[in-house]
Structure formats: structure tokens, C-alpha cells
Amino acid sequence: MEVRLSEVQKQIFDSLNGSATQTAKSLGALQERLVAIDKAQDNLEKLSGNVLSLQDILSNKQTRGAFGEIQLNDIISKALPPDSFSFQVLLSNGKRVDCMIYLPNPPGPIAVDSKFPLEAYDAMRSAKDDNQKKKAVQEFRKSIKIHINSISEKYILEGETADGAIMFLPSESIYAELHANFSDLVREGFSKRVWVVSPTTCMATLNTIRAILKDAKFKEHSSKVRDNLALLFKDVSRLGDRIENLNKHFSLASKDLEEVKVSASKVTGRADKLDSLNFEEVSTLDNEKIENQRAQLNVIRS
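If you read the sequence shown in our numbering, its first letter stands for residue 3, the second for the next number, and so on.
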């Protein structure tokens, strides 16, 4: 009986010991999960803070403009060569444009505006009933029209900029909303020569602009090559004329040399003849001839 009680006691002790060990392990795992949950909560709080910070940026007109400029700067800097654009360019009318892309004439430098009417768009999205929705849509339409007209008036200057400008929207959702439900505003932008682009379509537009710039550079270099070739042809023609003149001079000099050679040959021949004469015989003959002439003269006188 005592042995049986000991066995039962031992089983109970082992069972309690195992349960305690398992409980300790479970509590340890639970503690690890709680730590992980705390970390996740911290991350969520940080993310929430970042979202709120982004909302603050996008809700403030000035900081929103800076945000749009940064995004535009990043896109343009990656797509175009450094000497083909500038930021915050002051125009002759005193207005400052966010970005100026220097295209060859025509069309010339094209202005890019990076601000957008986010307040009206947010109001339209957050409308809770049809009445609020209708008012928000009207306000959104009005703000877009005002923005298009402002860009057209401020950044399209005859003789200074291109006959069109770009309105950059750093939000694909606003761009999609415009084309889906406000196509009349897009057409009005076309009539005002203001082209609306999003980050995606802006990159496609910049690729086209880059091809135009590359073609302009090629034409510029080709023009310089043609000019240099024309100058080279003139130099070659001038060189040919000078060679022809030099050849004429050589021909005249050769003729003169031949005449000099003939004269020299004659002089040499005569010198040889003189050298071969016996001057004593010539002198005796001359004396006899003189005496005969004197005798004849005396005869005439007598």
C-alpha cells in the first residue's frame, strides 16, 4: 500500500513539475509575443506620425509646393541633361516659374508649374453626402480652371518662352480623376496651351523632350561640320589656285633659264673663238693694211 502511494505521489509530482515547466515556457513565449507587439505598436505610431506629417505637408500650400518641386526636380534631373533645365527661374514679368526646360526654337523654353489644388480634391473625396459632393466638385472644377488660367497668363510669354506650358501634378489619383471625370478641364487646358502631366506621363514627356534635345544637338554639330567643310573646300580651291600660279611662275622661270642657257652658250662660243685667234698675226696684217692706205693717200695728194 505504501509503495502504491509513493508511486502515485511521484506521478503527481512529475505531473506538477512538467506542468510548471510547460507553463514557464508558455509564459516566456507570451512575453516574447508581447515584446513583438510593443515593437509593432511603436512602428505603427511612427508610421502614423509620418502619415500625419505627410498630410501636414500636403495640406499646407507652401510646403505642398516644395513637395511638388522636390518630386519634379527628381524626375527631371534623372531624365534630362544638366544644361537643359533650371529651377526657380525669374521671368521678365516678375513671375518665378518652378522649372524651365530649354528647348530649341521652336518652340523655345517651356515652363513647368508643380503646384496643384489638393484642398478641393480632398474635399471632393471626403464628401459625406450628395450635397457636399456637388459643392466639392464645383470647387474642384473652379480651382483647376483658375490654376490653368494662371499658368497660361504667367508662364506663356511671347518671345521669351514657348507658346505652351506644363502643369505638373505630383499625384496620379488627381491626374486620373481629371481625365476620367473632368475631361472638359483637360480640353480647356489644351485650348489655353497648358498640358497636364502626372509623374508617369511627365517621364514619357521628358523622354520625348530628350529626343528633341538630342536631335537639336546633332543638327547643331552637323551644321558646324557643314560650315567647316565649306571652309575646307574654299581652302582647297585657294590652294589649287596658288599651286596653278606657282606652276606658271615655274614655267616662266624655266623659260628664262633656257634663254639664259642659250645666251651663256653664245657667250661661251664667242669666247672660245677669241681664245683661238693669233693676235700677233692679226697685228702684222693690220700694220700692212695701214701702210697701204697711207701710200694710197700720198698718191692722191700728189
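All C-beta atoms in this analysis are idealised placements derived from N, C-alpha and C, irrespective of residue type, glycine included.
- Taking the Cα of PHE89 as reference, the smallest distance to any Cα among ASN95, ILE72, GLY96 is reached at ILE72.
- Annotated as distal: ALA167 and ILE176, with beta-carbon spacing of 7 angstroms or more.
- For PHE142, there is no enclosing beta strand (DSSP E); the residue is part of the alpha helix (DSSP H) that begins and ends at 132 to 157.
- At a Cβ-Cβ threshold of 7 angstroms, LEU74 and PHE142 do not count as neighbours.
- A Cβ-Cβ contact shorter than 7 angstroms links VAL196 with ILE153.
- One alpha carbon belongs to LYS257, the other to PHE220, and they sit about 55 angstroms apart.
- Ranked by Cα distance from SER193, the first of GLU174, ARG228, ASN151 is ASN151.
- In this structure, DSSP gives ARG98 an extended state, which the three-state scheme calls strand.
- SER86 sits away from GLU162, with the two beta carbons spaced by 7 angstroms or more.
- Residue pairing from DSSP places SER88 in a beta bridge opposite MET102.
- In the displayed model, ALA113 falls within a strand according to three-state DSSP.
- Excluding residues up to 5 positions away in sequence, TYR177 lie with their Cβ nearer than 8 angstroms to the Cβ of THR203 in the same chain.
- Contact between LEU208 and ALA113 fails: their C-beta atoms lie close to 14 angstroms from each other, not under 8 angstroms.
- Ranked by Cα distance from LYS117, the first of HIS149, MET205, ARG189, PRO111 is HIS149.
- Separation of the CB atoms of LYS147 and LEU187 is rounded to 7 angstroms, and the pair is thereby assigned contact status at 8 angstroms.
- Taking C-beta separations shorter than 7 angstroms and ignoring five residues to either side along the sequence, the partners of MET205 in its chain run ILE77, ALA81, following chain order.
- Taken through DSSP and simplified to helix, strand or coil, PHE184 comes out as coil.
- Nearest in C-alpha terms to GLY110, of all of ALA255, ARG212, ARG127, ASP165, is ASP165.
- Residue environment: VAL198 is assigned as buried (16 or more neighbouring CB atoms within 10 Å of its CB, all protein chains considered).
- DSSP, read as helix, strand or coil, puts ALA167 in strand.
- Of the other Cβ atoms in all chains shown, 16 or more fall within 10 Å of the Cβ of ILE103; this residue is therefore buried.
- Cα atoms of LYS268 and ALA255: separation of roughly 20 angstroms, rounded to the nearest angstrom.
- Bounds of any alpha helix (DSSP H) do not take in GLU162, whose DSSP letter is neither H nor E.
- Beta-bridge partners assigned by DSSP to VAL196: ALA167.
- One alpha carbon belongs to LYS156, the other to PRO106, and they sit about 21 angstroms apart.
- Residue environment: ILE39 is assigned as exposed (fewer than 16 neighbouring CB atoms within 10 Å of its CB, all protein chains considered).
- Counting along the chain, the unbroken alpha helix (DSSP H) around ALA122 starts and ends at 120 to 127.
- If you ignore the 5 residues before and after GLU174, its C-beta comes within less than 6 angstroms of the C-beta of SER200, all in its own chain and listed in chain order.
- For a cut-off of 8 angstroms, the C-beta gap from LEU215 to PRO83 is around 7 angstroms, short enough to register as a contact.
- Short of 8 angstroms from the beta carbon of VAL238, and not among the five residues preceding or following it, lies no beta carbon of its own chain.
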